[in-house]
Amino acid sequence: MLLELDTVSKRYPGRTAQAPALSDVNLSLPAESPPILAIVGESGSGKSTLGHLALGFFAPTTGAVRYCGADLRHLGGAEWRRFRREVQAIPQDPFASYNPFYLVDHALEEPLRRFGLARNRGACRRMIEEACAGVGLNPGDTLGRYPHQLSGGQRQRLMVARALLLQPRLLIADEPVSMVDASLRATILGNIAELNRRHGIGILYITHDLTTAYHIADAVVVLYRGHVVEFGPTETVIAAPSHPYTQLLIDSIPWPDLSRSWGSLPLRTAVVDATHDADGCPFRARCPVTSLVCAQAPTLREAAAGHAVSCHLFDTQPPLDGAAQSALLRQPHRAGTSHKRPDGASDTLTAASKGTKP
Amino acid sequence: MSAGLLVRGLSVEYATDAGRFLAVDDIDIAVPPGQRLGLVGESGCGKSTTALALLRMIRPPGRIVGGAALLDGIDLMGLSTAQMRQTRLSRVSYIPQGAMNSLNPVTPIGTQIADAIADHEKRSPRDALSRRIVAALQAVDLPAGAAHLYPHQLSGGMKQRACIAIATILHPRLIIADEPTSALDVVSQRHVMEMLGRQQSQTGSSLILIGHDMGLMAQFVDHLAVLYAGRVVEAGTVGEIFLRPRHPYTQLLIDSVPTLANRGRLRGLPGVAASLSQVLPGCAFAPRCPRVSPRCAQDRPAPAPLAPDHVAACHHPIEPAHAA
Amino acid sequence: MMRSAPARGPGAGLVRFARRNPELTLGLVLMAVLVLFAFAGPLVWDIDTADPLSASPSRPPSLAHPFGTDSQGRDLLAAAMVGTWLTIKVGLIAGGIGVAVGALLGFLGAYYGGWLDSAIVGVVDVGLTIPALLFLVVFGSAFREGLDTTTIALMIGTLAWLSPTRQIRAQALVMRQAGYVFLAQLNGAGGLRIVLSEMMPNLMPYLMASFVLAISQAILAAVGLDALGLGPMDEPTLGMTIYWMLANSAFIRGYWWWVMTPIAVLVVLFVALYLVSIGLDVIANPRLRRRLGT
């Protein structure tokens, strides 16, 4: 198992009155041909917290984050260095990620130097130029400049080149294209997807944009206010969204197509009061189909093959425990594989509840 | 027609160490009252600069060097500094990108709305003022209690809607929204745009939406103007432009946007956006254009009407695939 | 399309710099004049005459003594030359300690947070409530014997780091959230390395401005101490000249040259430091920059 979040909850210290940033999240990525897993949610959903937990920047309040089976809190010096080298990130802001005092080369040379990946300066230079070319950048046009001399798109592609350079095993991409023009997103997403397809790097793609997740992710996990509300193969979740929040998300996407209309589902304004109501479904204040039973928190249940939802509409299905959730998520989903909805869910559920590791 | 916004030949020049260049180069746009215009283009194409020019907020080293902007017949470029200050918010309002960060963090929302009003009108009785503030908040789907809240107590979408309330409280004739939803998720974005549209319809003002998201443009605006390197390369109704894009850049823009329909067929724009400091004698898009010819590098194309309410500045416009 | 090509060459570059930042240029020129006065002056003037009993006492300015002499027979021009350097030296030492310690504590506290930061902030907040001059007077009175300019500089330095720590910490707290700090952490860099190689270079203009400010404050404190009679009795610092001038009732006796000498030099010094700090402020804060052309 490359990365594992085992019943992870995170509550920020000093903010006990508010809802926890994450509640009981289970997910895992296999070490063998890891996929691109998208974490989709709005601001406040906990997706960035999840990213920071995966990077080991802080520890969860409950539960454990494991890399290659080892809990991040118990890593020794050499193990921690290995972890740091093998788990990298593509940051969100293409401008702020570069130190304005140095040339952009600094952002690529530093990790090579610190992790001892290049034998000498010449090798270092060669590796950097290859990585630039690997993402479609001309080294002569981009290296040797200050950050403000490059465009946002170039800077972000250089960040992807940095990831290519370091050849990590796991990459956390937190909103890598949200601050880039819509017309450039396609190119950068292509570069990121190639890191996975060609170089076998597992990717945790964190975003609020379901459309871009659709384009490169193999599986999608939808977060709302720190809870996993739905997950499954990308095709299934997008084509047949089961949770009302996912349906609302898809319905609100503006299409560049005049024949499609925008937003037919009604929007209910969320309450202004942010105090935490511990019980009940986190979405019920905005849900168009809420009912009395929603005062109780729903649990994740399997709605279809590999597709799980946390909503009382699916209370007829048996619930999934933590291990079953992880196993379900790990079922091989590759872009292009079609998943049909079975009529009965019982046989797939038996296989999942056995907790078989791949 | 003297109502609405009519811009003719607007140009903005910047002076830097590397020389002078035109960030906005001789653009013409028109927005009748009650209509919405989208200004779309990549970063650096001059759309935000155009907005700032209309507000007369271009600071040195930038300078407006030409053109007129008639709002209901009055030229904004000809107003004095004091008149322009009065005009801002009361006749022309601006919702900046990341407007939520423009809210004063130490003042409640209601007070900020009251301050905006106080700058332009004589003092009114307190209860009339608070009724007005509550009405403005409710018009953007915010509860009355929000008037006493501080910005940090609101979500991103709510803050943005509060900014819309401030921008529309004095019923301006022109609202300029510069990427108002760039930091928001799609649901908040939809909500914010719905509120903006509702406010605009109620006041009958003209609206300019600046952005780079063609999807949002398609769903929201009536007319579209595509900018490249400070020039308008195509303009027309949104239907015309999406169904029959004539300029190659517009076509590439539309095709490059990831949607839920073109999975696996992503096509980015080739090359890098034009650097404004290198001015070419011909068409600015020539280095990246798939339909370029030798004439394009020498001869700058002027915007030409290719159909009713559809102009494009191209020597080799794309022919429509089917009859109009 | 107009294009104005900027003039080339180092001379043109300097002129452009001077036009862009007149305050800094003027300040640096004045400082250069003073430094030249202090260092090149002794080459053309005999500074041994800065000692007492070198010349006829209480003489107004003349060709032999352009700044006149004081009532103990010091040539005031020589005294000014020696005193200028001594005063600047105090500023440099005390100001240097102040900003160096301030930067170190400010950055480390901001970066690490937690108990370290709380401890630093606590000490700074308590320290800032101590009236500095009072502290220095008490401290200085206890050590009447071995008090030379270096000792005074060190003494002032013990309090000089309090305010810079707080200000630099505030800047560093903002910088802490920067994206490039996050990236450096991803590179596996440790705290000290991040502070020294990623954060500090970006704060250079601010640190320089803080340094200049600290120099000014240190000089002011030193002059104050000297003028109260707590300075070195055998070194003709500008402050000591003021002390002797006051002790010998120069005002009443009409010895205007004795009054004017230290004051004129101090005025030039403070104006120079002030202009340099404004000029550095302009570099640190791009919004204040004067625009070219238009």
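Protein chains in written order, with my numbering: chain A, 574 to 931; chain B, 706 to 1029; chain C, 175 to 468. Beta carbons are placed, not taken as given, at the ideal position from N, Cα and C, and that holds for glycine.
Using a Cβ-Cβ cutoff of less than 7 Å, which residues in the same chain neighbour residue i once the five nearest sequence positions on both sides are dropped?
i, result
"residue 845 of chain A", "With a pLDDT of 46 at residue 845 of chain A, under the threshold of 50, the predicted position of this residue should be treated as unreliable, though the coordinate-derived value follows. Around residue 845 of chain A: no qualifying Cβ."
"residue 466 of chain C", "Confidence is the limiting factor: at residue 466 of chain C the pLDDT is only 38, short of 50, which leaves the residue's position unreliable and the question unanswerable from this model."
"residue 260 of chain C", "323, 409 and 411"
"residue 450 of chain C", "198, 201, 202, 205 and 386"
For residue i, I'd like the list of residues in its chain whose CB is within less than 8 Å of its CB, leaving aside the five on either flank, ordered along the chain.
i, result
"residue 347 of chain C", "284"
"residue 807 of chain B", "801 and 868"
"residue 750 of chain B", "932, 933, 934, 935 and 978"
"residue 900 of chain B", "844, 845, 846, 866 and 869"
Grab me the residues of residue i's own chain with a C-beta within less than 6 Å of its C-beta, minus the 5 sequence neighbours each way, in chain order.
i, result
"residue 909 of chain A", "Because residue 909 of chain A carries a pLDDT of 39, less than 50, the predicted location of this residue cannot be relied on, and no value is offered for it."
"residue 1017 of chain B", "939, 951, 952 and 1011"
"residue 739 of chain A", "661 and 684"
"residue 417 of chain C", "400, 401 and 403"
"residue 454 of chain C", "379, 382 and 383"
"residue 720 of chain B", "766"
Less than 7 Å between the beta carbons of residue i and residue j, yes or no?
i, j, result
"residue 875 of chain B", "residue 795 of chain B", "yes"
"residue 233 of chain C", "residue 243 of chain C", "yes"
"residue 241 of chain C", "residue 435 of chain C", "yes"
"residue 931 of chain B", "residue 964 of chain B", "no"
"residue 744 of chain A", "residue 736 of chain A", "yes"
"residue 231 of chain C", "residue 247 of chain C", "yes"
"residue 710 of chain A", "residue 627 of chain A", "no"
"residue 839 of chain B", "residue 862 of chain B", "no"
"residue 798 of chain B", "residue 885 of chain B", "no"
"residue 353 of chain C", "residue 669 of chain A", "yes"
"residue 829 of chain A", "residue 923 of chain B", "yes"
"residue 756 of chain A", "residue 958 of chain B", "yes"
"residue 629 of chain A", "residue 620 of chain A", "no"
"residue 1020 of chain B", "residue 993 of chain B", "no"
"residue 991 of chain B", "residue 997 of chain B", "yes"
"residue 520 of chain C", "residue 335 of chain C", "The question about residue 520 of chain C has no answer here: the residues shown for chain C are numbered 175 through 468."
"residue 298 of chain C", "residue 339 of chain C", "yes"
"residue 818 of chain A", "residue 787 of chain A", "no"
May I ask you to check if the CB of residue i is nearer than 6 Å to at least one heavy atom of the ligand MG?
i, result
"residue 224 of chain C", "Of the ligands one can find in the structure shown there are none, so the ligand MG has no counterpart to examine."
Provide the residue(s) that pair with residue i in DSSP beta bridges, ordered along the chain.
i, result
"residue 795 of chain A", "A:613 and A:803"
"residue 724 of chain B", "B:721"
"residue 579 of chain A", "A:637"
"residue 230 of chain C", "The partner list for residue 230 of chain C (beta bridge, DSSP) is empty, contrary to what the question assumes."
"residue 741 of chain B", "B:912"
"residue 965 of chain A", "This structure cannot speak to residue 965 of chain A, because chain A is shown only from 574 to 931."
"residue 771 of chain B", "B:716"
"residue 880 of chain A", "A:877"
"residue 780 of chain B", "B:775"
"residue 780 of chain A", "A:613"
"residue 1016 of chain B", "B:940 and B:1010"
"residue 598 of chain A", "A:581"
Applying a beta-carbon distance threshold of less than 7 Å, which residues of chain E neighbour residue i?
i, result
"residue 754 of chain A", "Checking the listed chains, one finds no chain E in this structure; the protein chains it contains are A, B and C."
Is there contact between the region 700-719 of chain A and the region 748-758 of chain A, where contact requires at least three CB pairs shorter than 8 Å? no
List, from N- to C-terminal side, the beta strand (DSSP E) runs of 3 residues or more that fit wholly inside the region 865-949 of chain B. 879-883, 911-916, 928-933 and 936-942
Secondary structure, alpha helix (DSSP H): runs of 4+ residues fully inside the region 785-839 of chain B: 786-795 and 814-823
Could I get the ranges of all uninterrupted beta strand (DSSP E) runs contained in the region 652-738 of chain A, with 3 residues as the minimum, in chain order? 660-663
For a minimum of 4 consecutive residues, which ranges assigned as the alpha helix (DSSP H) are wholly contained in the region 378-425 of chain C? 378-399 and 412-421
Three or more beta-carbon pairs under 8 Å between the region 365-378 of chain C and the region 424-440 of chain C, yes or no? no
Count Cβ pairs between the region 851-859 of chain B and the region 809-825 of chain B that sit closer than 8 Å; are there 3 or more? yes
Three or more C-beta pairs under 8 Å: does that hold for the region 907-921 of chain B against the region 730-743 of chain B? yes
So does the region 767-778 of chain B actually touch the region 711-726 of chain B, counting three or more Cβ pairs closer than 8 Å? yes
Should the region 816-835 of chain A be called in touch with the region 884-895 of chain B, which here means at least 3 C-beta pairs below 8 Å? yes
Measuring CB atoms only, is the region 297-316 of chain C touching the region 369-378 of chain C, in the sense that at least three cross pairs come out at less than 8 Å? no
Evaluate contact between the region 770-777 of chain A and the region 634-644 of chain A, counting only Cβ atoms and requiring at least three cross-stretch pairs below 8 Å. no
Are the region 722-736 of chain B and the region 780-794 of chain B touching by the rule of at least three beta carbon pairs closer than 8 Å? no
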